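Chemist: To start, I am sharing the structure in question, which I have written as C-alpha cells.
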Amino acid sequence: MVAYGVGKGSTDERDINLDLARARRTGIPEIVFAERKTYEQIERSMRWLWNANGFGLATRVPIDFFDRLSTALPAAVSNFTARAIRCGALPSTRSTIGVISAGTSDLPVAEEAAFCAESFGNAVIRRNDVGVAGIHRLLEALPAVQDCAALIVIAGMEGTLPGIVAGLVSAPVIAVPTSVGYGVAAGGVAALHTMLACCAPGIGVVNIDNGFGAAALAHKIARSMQA
7 MVAYGVGKGS
17 TDERDINLDL
27 ARARRTGIPE
37 IVFAERKTYE
47 QIERSMRWLW
57 NANGFGLATR
67 VPIDFFDRLS
77 TALPAAVSNF
87 TARAIRCGAL
97 PSTRSTIGVI
107 SAGTSDLPVA
117 EEAAFCAESF
127 GNAVIRRNDV
137 GVAGIHRLLE
147 ALPAVQDCAA
157 LIVIAGMEGT
167 LPGIVAGLVS
177 APVIAVPTSV
187 GYGVAAGGVA
197 ALHTMLACCA
207 PGIGVVNIDN
217 GFGAAALAHK
227 IARSMQA
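The following block contains the structure:
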C-alpha cells in the first residue's frame, strides 16, 4: 500500500519545507538541489533529512561550500567532480547500473549520475571517454555493462552515443545530453534533439545535464525488476 502522507518537516525557516514521506510514495527521497541556496539552507536541510530518515543527498553543491559541508555534515561522503554530497546511503538494491560517457568533458554529469545511483543503493559500473569518434573504445567497454539493469549514456557534441549503445544492448538506455560543444551544439540542445529523434528503440531521454534525473529513473527501473 502506498503511503500518501505528506510527512513534512519544519526547519524553522519559512523558505524550507521538506517532504519526508517522498521515498515511501515514490521510491526516491527528497533531494537537496543546492544550487542558488545558502550554506545555511543546505546544511539545515541535509541535517533534517539525516535526522528524519538516516539519509540525505545534495546535488549541484556550490564549490565555495563544498569542503565545509563535507566536513560538517554527519556520515558525509562527497564527490567533488559530481558536486554532490550524501549523508549515509539507502539499502542495497542488489542491482547494477552502468554509466557510460562520451568524453572527459562529460564527466561532471556522468559522476553526478553515478554518485546518485550509488547513493540510492545500486552498484555502478563506469565507462568513460568512449565516444563515437573512436568507436572501438565503446565496443571494448560494452561487455562489462551487458548485464546491467539499466544504462545511463551521457554525451554532448552531436549526442549520437546513446543511440549506438541502444542498438547493441538489451538493457533500457537513459540518454543524457550535456551542454558540451561548439556553436550549433547550442549548450546541449543539438544533442537533446538527436537523442529525442533517435531511431533505436528502448531509449528514454532526460533534460540537458540532468545526471540526477537519469539516476532516479535507472533506480526505479532496477527496483521494478525486483518487485
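Numbered per the numbering used here, the sequence shown spans residues 7 to 233.
Think of the CB as a built atom: it goes at the ideal place given N, C-alpha and C, for glycine as much as any other residue.
Note that the structure is a prediction, hence the values are computed from the model and not measured.
Take residue 60 and list the residues in its own chain whose beta-carbon comes closer than 6 Å to its own, dropping the five residues that flank it on each side.
Modeler: Hits under 6 Å: 94.
Chemist: Quick check on the burial criterion: 16 or more other C-beta atoms within 10 angstroms. Buried or exposed for residue 41?
Modeler: Its Cβ having fewer than 16 others within 10 Å, residue 41 is exposed.
Chemist: Please work out which residues of its chain come closer than 7 Å, Cβ to Cβ, to residue 229, disregarding the five sequence neighbours upstream and downstream, and give them in chain order.
Modeler: Hits under 7 Å: 33, 99.
Chemist: Straight-line CA distance for residue 171 to residue 179?
Modeler: Taking the straight line from one Cα to the other gives about 8 Å.
Chemist: Does DSSP put residue 122 in a helix, in a strand, or in coil?
Modeler: Helix, per DSSP.
Chemist: Where does residue 68 sit, in a helix, a strand or coil, going by DSSP?
Modeler: Residue 68 falls in the coil class under three-state DSSP.
Chemist: Tell me the DSSP secondary structure of residue 214 in three-state form.
Modeler: It is coil, neither helix nor strand.
Chemist: Please state the DSSP three-state secondary structure of residue 83.
Modeler: Here residue 83 sits in strand by DSSP.
Chemist: Please report the straight-line C-alpha distance between residue 167 and residue 88, rounded to a whole angstrom.
Modeler: Approximately 21 Å between the Cα atoms of the pair.
Chemist: Using the three-state DSSP reduction, which class does residue 25 fall into: helix, strand or coil?
Modeler: Here residue 25 sits in strand by DSSP.
Chemist: Quick one, are the C-beta atoms of residue 137 and residue 116 less than 7 Å apart?
Modeler: Not closer than 7 Å, so no.
Chemist: Which ranges would you report for the beta strand (DSSP E) in the region 109–155 if only whole runs of at least 3 residues count?
Modeler: Within the region 109–155, the complete beta strand (DSSP E) runs of at least 3 residues are 129–133.
Chemist: I want to check one thing, is the minimum distance from the CB of residue 187 to the heavy atoms of the ligand FAD below 6 Å?
Modeler: Annotation note on the ligand FAD: not contained in the displayed structure, which lists no ligands.
Chemist: In three-state DSSP terms, what is residue 209?
Modeler: Residue state, collapsed to three classes: strand.
Chemist: Applying the 10 Å Cβ sphere with the 16-neighbour rule, what's the burial state of residue 149?
Modeler: Exposed.
Chemist: Helix, strand or coil for residue 198? Go by DSSP, reduced to three states.
Modeler: If DSSP states are grouped into helix, strand and coil, residue 198 belongs with the helices.
Chemist: With 16 as the cutoff for other CB atoms within 10 Å, does residue 65 come out buried or exposed?
Modeler: Burial call: buried.
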